[in-house]
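Novice: Handing you this structure, nothing more for now.
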Amino acid sequence: MNRHKPYEPKDFAGKLAKAFLRSPLTVVLGVFLLAIGYLSLMVMPREENPQMVVSGSTVIVALPGASAAEIQKVIVEPLERKLKEVKGVEHIHGRAMDNVGIVNAAFFIGEEKEGSNLKVYDKIMQNSDMFPKGAMNPIIKPLDIDVDIPVVSVAFYANDKNMSKTELYDKVKDIQQQINGLSNVAVTELKGGNRHQFNIEVDLHKLSGYNISMGQIVQAVQSLSYSVPAIKNSTKDNQIVMFGVKNAIETEKDIGNIIVSEYMGSPIYLRQIAEVQGSYDIQNFKSVLISMRDENGTFTPLTDQVTLTVSKLQGTNAVIIAEAVKTELESHKEFLAKNGISYVITRNDGERANEAVNELVFHLLLSIAIIAVLLVFVLGWRESLIVTFTVPAILAITLFVAYLSGQTINRITLFAFLLSLGLLVDAAIIVIENIHRHYHSIESQHENVDDLMIKATDEIGPPTNIATLAIIMTMVPMAFVGQMMGQFMKPIPANVPIALIASLFVAYIFTPYLAVRMLKKPDHTKKGGH
Amino acid sequence: MFQKFENTLLSSIQSPKQRKIILFATLLAFILSILMIAPTKMVLAKMLPGKNNDTFTIYATLPIGSAMSQTKEVTECIVEHIQKESEVVDMEVFLGLGSPLDFAGLIKGSHFKNSENVAEVVLNLTKKHNRVEPSYLMVQRMRPIIVQNCASIYPNTVVSFVEPPAGPPVLAAIVAEIYGNDPEGIRELASTVSDVFKKTEGLVDVDIMQDHIYDTFEIIVDSTKVTRSGVSLKQLNDILYLAFEGMQIAVKNSDIYNDQIPIYLSLSEASKKFTTKDIRALEIKLSSLKLMNKMGMMIPLTELSKIILKKSNPMIMSKNLHQMTNVMAETDMVSQVYPLMEARDTIIQTFSDRYEIKKTGLFNLQLTEKSSQKVYDLVWDGEMEVTLDTFVELGAAFIAALVLIFLLMVIYYKSYTISGIILLGSFLSIIGVIVGHWIMNIFTTDTFFLTATSLIGFIALIGISSRNSLLLIDFTKSLMLEKGMHKAEAIAYATATRAKPIFLTATAIILASTLLAGDAVFGGLGVSLIFGTIAAVVASLIIVPVLLNMSDLESHFHFHEKKAVSILEP
């Protein structure tokens, strides 16, 4: 063996290779990287599409009795002018209808939510004197994607068609309370269903026959439905005495027995001129129905249902929340079955996100496997194994950085990984190829293995660095693309450069480290023979 | 194999005739591929293609003033058609309100729906892995049948199909904003534009965002009579509202139920109904309603007022402080760019007898009515606007990437020529990108669009192919400087040696991208990378060496290491 002076690396590639080639910490570093990557993959919130920062507020001002043209002049136009003063507003949409004006301020994509909402609120409150007399207080409704868009929706329906319309609603309302109590659930809402109500339906002919006005009925009912809190007093020896007035109205019968007026000396009861019923809100025109496949595969006829929607807090994991809702519903199954209510989950974004993420992770692994097989044929299985190891290490670093920067795992993040996969094996391939070439060349057969590794790595360092930098350069301007699309695609310019930089470090540190241990020096006696 | 390649390359880069052929062929390929996009439309552009979903929503909107029973009739018709579908799992019908909000609904204002003339039907399909027909094809198939049978029940009904968007949501694929100062004129222009849209092939679900004008009645109150009979206007309003709309007049607290129980008063359903829709019927009802004054006297409503017929006040819309109406349309599996151009051409041709038409901006129009000299603006918005913005911004990002790479190369090589060659070599991958899309379009059943993700792939390719050229030039440089090889020999040897890692990394990229190519949204990126990489490999192994040989490499490398070269040169 020739005794060489150790090779002095010129580039940081060779320096890294030299520093880690015989260091016991390299293994620890490798294991650590894989561990944090795996943890990040498990901990990071998953969602189907990346979060978009969309801010906007809607201001609603009612002025009863005004026509659309009046509303346009006195409400919408002044409001639009004021909102135009707010910084960051991209578009203002105004709608003037009879009785009400609605103005919507949409902020530029990416404008921060809380600040934007505050700005609009502030502007309206400072100028609350601009509204005309008789206008109601403005209602300001900020847009909140996280809270507004439910991640889970469940449809509850009665098995028995004769179940009263309000019973279903009441039972679901009980469950709503339980589900809202789950952690990270922001808003739960019910769509459809009918509430309890006492209905007094007056017959117009009888009304005019008895010569009664609607106003009299109102007065009569209101005078009997009045109630105050319990009255508290004390006796002479300071004992507390409480007493209250029992509600005069308990059932629909009580309402029917209200005396509305007197006619020729005899009382006229409400039930004589109107039909009184304790039933549901008949004035509600909204209803929600469902039809689905039964066991035979045919559709059930449309039946009334109540849909419960669940939305999550910002930055929380939809997958976990959807699971929690599912388990909670399971626990109520018996209670529901006893009451003749079934349910079906009609939207599950958590599951959808999880499926999308798992599918892409599977694609990612498949791609790695395909590349590994390719390398086995071209470079040999040991070299292939080395390159294949660098991929999870690089992805682990990228995932961890993504986790630290508050990103979520979504379709676009994973596509960014798939895109970078083709690029990030490059550095390792170039290093291993050069090592391979030196290893097998006759000139270097007497050189020290360590030196060979460092030299091979160092040699291709500068062009690889510059080439990687070139790819990073192409990604940088993409980060400045604005609009919805820019926001949507943000994970690509955010993650690909990180993956590329990580690929350089991993290639320079781990490739020589593994190569020196795994690669067998070609048989000199055979090769050197000719 | 590489030896052979080296020899062939060496001879071809040294022969001026072959060099010319190679360069000419490259130029021809470049021009042909550009032609594929612009005049021939062999490759179509779209922001994002359709995505296969497990769910979609059908919106039904009847003219304003329609009753719930009518809306129900239309939705029942829709449901009936859906129930014939084999891949539908369940459907939820939301009458009079919007379905649970999603991204598309958020932009389309589904959460503001609260009237008797609207309904939404949400369909859940079987999982996409077990389903042969993608949701977008299903929509395309169902749309004409449902629109023909169900939207025709009542005139002016709009039935539209809303799919979860593949990317960011937009109001509609095509939105024509019509600005002007005269509401009547806007109204008229909007309806003619919508007629054009309806006749344009590829446009469906055409809708105008404006209220229909319908007949209403107004009760004119005689204020003198009201004051003299000792009642108030409030009383009169209240009674009317109470009688026909009903009101919750009191509540009863309850510990059994979850809510307070309201007590609701109105006329009974049977006695509320008008016999016909005219003033006479209204008067008959009103005469039975009486107000009681302070003296306890009953005064019929008809004594205090008279009824007149009038038209409803339509909603006034404005955007950025200008009055405006939207005309919206969805595209039926085609890119919105081409129907839009077609509709625009039709507008320019057919409107010219009424309006003076001036082109403003890129596609926008300004129409001046000849008779009244009123000015209207037609501005395109929706997906078209987003597409334009996105392509322009991505184009800018692309140019910025080119400039950055060029600067990087100039810093590294200190030579404009070499940097220029690298840049030119990487730019040629566009041939692969365009041809790749054309090939994919032939092999897929539905149109394969050049999308925003294709552009992103192209930008990434610039980096990848400049990496190839860079490794090549670097090796050539060290061969010339350290081994003292001649230019042509060095180039040929370097190219042959570097061919292996270049092939390897290219194959890695192609293999990794094959799985991307299957995705709806990122298919464009995958195809760009696959075919672009092939083009990039050809460029860096054939065209870049030719260009390098034509350039004065010696002087470039001499430039900063004169001493070393002078010793080594034979």
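Chain order of the listed sequences is L and P. Residues in the first sequence are numbered from 1 upward in steps of one, following this note's numbering. Residues in the second sequence are numbered from 1001 upward in steps of one, following this note's numbering. All C-beta atoms in this analysis are idealised placements derived from N, C-alpha and C, irrespective of residue type, glycine included.
Just curious, the beta strand (DSSP E) that P/Leu1388 is in, first and last residue?
Specialist: Taken as a continuous stretch (DSSP letters only), P/Leu1388 belongs to no beta strand (DSSP E), being part of the alpha helix (DSSP H) at Glu1383 to Tyr1413.
Novice: Alpha carbon to alpha carbon, what distance is there between P/Thr1276 and P/Lys1374?
Specialist: Between P/Lys1374 and P/Thr1276, the C-alpha separation is close to 41 Å.
Novice: Could you give the distance in angstroms between the alpha-carbon of P/Ile1357 and the alpha-carbon of P/Gln1366?
Specialist: About 6 Å.
Novice: When burial is assigned at 16 or more other CB atoms within 10 Å of the CB, is P/Gly1457 buried or exposed?
Specialist: Label assigned to P/Gly1457: buried.
Novice: Taking the alpha-carbon positions, what's the L/Leu379 to L/Leu364 distance?
Specialist: One C-alpha to the other measures close to 22 Å.
Novice: Helix, strand or coil for P/Arg1131 per DSSP?
Specialist: In this structure, P/Arg1131 counts as coil in the three-state DSSP scheme.
Novice: What alpha helix (DSSP H) runs, 4 residues minimum, are completely inside the stretch 132-201 of chain L?
Specialist: Whole alpha helix (DSSP H) segments, 4+ residues: 145-148 and 165-180.
Novice: So which of L/Ala393, L/Gln407 and L/Leu404 has the shortest CA-CA distance to L/Val27?
Specialist: For L/Val27, the nearest C-alpha among the options comes from L/Ala393.
Novice: From P/Gly1167 to L/Val53, what does the alpha carbon distance come to, in whole angstroms?
Specialist: If I take the Cα positions, the gap works out to 14 Å.
Novice: Using only CA atoms, which one of P/Val1158, P/Lys1020 and P/Leu1515 lies nearest to P/Met1328?
Specialist: The shortest Cα separation from P/Met1328 among P/Val1158, P/Lys1020 and P/Leu1515 belongs to P/Val1158.
Novice: Please list the residues of the stretch 339-373 of chain L that have a C-beta atom closer than 8 Å to any C-beta atom in chain P, keeping them in chain order.
Specialist: The stretch 339-373 of chain L vs chain P, Cβ under 8 Å: Val344, Thr346, Arg347, Arg352, His363, Leu366, Ser367, Ile370 and Ile371.
Novice: Near P/Asp1090, what residues of its chain come up, given a Cβ to Cβ distance below 6 Å and the 5 sequence neighbours on each side ignored?
Specialist: If we look at P/Asp1090 and ignore the five residues flanking it on each side, its Cβ neighbours are Asn1124.
Novice: What does a CB cutoff of less than 8 Å around P/Ile1434 pick up in its chain, not counting 5 residues either side in sequence?
Specialist: Ser1033, Ile1034, Met1036, Ile1037, Val1043 and Leu1450.
Novice: Cα separation between P/Pro1501 and P/Val1132?
Specialist: Taking the straight line joining both Cα atoms gives about 40 Å.
Novice: How many Å lie between L/Tyr121 and L/Tyr280 at the Cα?
Specialist: The alpha-carbon atoms of L/Tyr121 and L/Tyr280 are separated by roughly 38 Å.
Novice: Tell me which residues of the stretch 1197-1231 of chain P have at least one Cβ-Cβ distance to chain L shorter than 9 Å, keeping chain order.
Specialist: Answer set for the stretch 1197-1231 of chain P: Asp1211.
Novice: Could I get the ranges of all uninterrupted alpha helix (DSSP H) runs contained in the stretch 1250-1304 of chain P, with 4 residues as the minimum, in chain order?
Specialist: 1269-1272, 1279-1288 and 1301-1304, all fully within the stretch 1250-1304 of chain P.
Novice: Which chain P residues are close to L/His91, counting only those with a beta carbon under 9 Å from its beta carbon?
Specialist: Chain P residues near L/His91: Lys1319 and Asn1320.
Novice: Expressed to the nearest angstrom, what Euclidean distance is found between the alpha-carbon atoms of L/Glu330 and L/Ile397?
Specialist: Taking the straight line joining both Cα atoms gives about 39 Å.
Novice: Going straight from the alpha carbon of L/Lys10 to that of P/Ile1509, what length do you get?
Specialist: About 30 Å.
Novice: Quick one: using the 10 Å Cβ neighbour count with 16 as the cut-off for buried, is L/Val43 buried or exposed?
Specialist: L/Val43 comes out exposed.
Novice: Relative to the C-alpha of L/Met475, which candidate in P/Gly1230, P/Lys1414, P/Leu1402 and P/Gly1425 has its C-alpha closest?
Specialist: Among P/Gly1230, P/Lys1414, P/Leu1402 and P/Gly1425, the Cα nearest to that of L/Met475 is on P/Leu1402.
Novice: Should L/Gly581 be flagged as near chain P, meaning a C-beta pair shorter than 8 Å?
Specialist: Here chain L covers residues 1 to 530 and nothing more, so residue 581 of chain L does not appear.
Novice: Of all the options L/Ile409, L/Ile231 and L/Gly192, which has the alpha carbon lying nearest to the alpha carbon of L/Ala318?
Specialist: For L/Ala318, the nearest C-alpha among the options comes from L/Ile409.
Novice: Measure how close the beta-carbons of P/Ser1288 and L/Ser208 come, nearest whole angstrom, since I'm counting them as under 8 Å.
Specialist: Indeed they touch by this definition, with Cβ atoms about 4 Å apart.
Novice: Whose C-beta lies closer than 6 Å to the C-beta of L/Val454 among residues of the same chain, with five residues either side of it excluded?
Specialist: Here residue 454 of chain L turns out to be Ile, not Val, going by the sequence shown. Closer than 6 Å at the Cβ level, and outside the excluded window around L/Ile454, lie Tyr7, Pro9, Gly14, Ala17 and Lys18.
Novice: Grab the span of the beta strand (DSSP E) containing P/His1322 for me, first residue to last.
Specialist: Unbroken beta strand (DSSP E) run through P/His1322: His1322 to Thr1331.
Novice: For P/Ala1172, which of helix, strand or coil comes out of DSSP?
Specialist: Coil.
Novice: Can you pull the chain P neighbours of L/Lys532, defined as C-beta to C-beta under 7 Å?
Specialist: One cannot answer for residue 532 of chain L here, as it falls past the ends of chain L, which runs 1 to 530.
Novice: In the DSSP assignment, the alpha helix (DSSP H) including L/Tyr7 goes from what residue to what residue?
Specialist: Run containing L/Tyr7: none; DSSP gives neither H nor E here.
Novice: Name the chain L residues whose beta carbon is nearer than 8 Å to that of P/Gln1235?
Specialist: Neighbours of P/Gln1235 on chain L, chain order: Gly215.
Novice: Mapping the DSSP letters down to three states, classify L/Phe362 as helix, strand or coil.
Specialist: The answer is helix: DSSP assigns L/Phe362 an H, G or I state.
Novice: Is L/Ser441 buried or exposed, if buried means 16 or more other CB atoms sit within 10 Å of its CB?
Specialist: That one is exposed.
Novice: Mapping the DSSP letters down to three states, classify L/His93 as helix, strand or coil.
Specialist: It is a strand residue.
Novice: I want to know whether the stretch 1007-1026 of chain P touches the stretch 1484-1503 of chain P - three or more CB-CB distances under 8 Å.
Specialist: The stretch 1007-1026 of chain P, when compared against the stretch 1484-1503 of chain P, does touch it at the 8 Å Cβ threshold.
Novice: Can you list, in chain order, the residues of its chain whose CB lies under 6 Å from that of L/Val357, leaving out five sequence neighbours each side?
Specialist: Within the same chain, L/Val357 has close Cβ partners Arg46 and Ile409.
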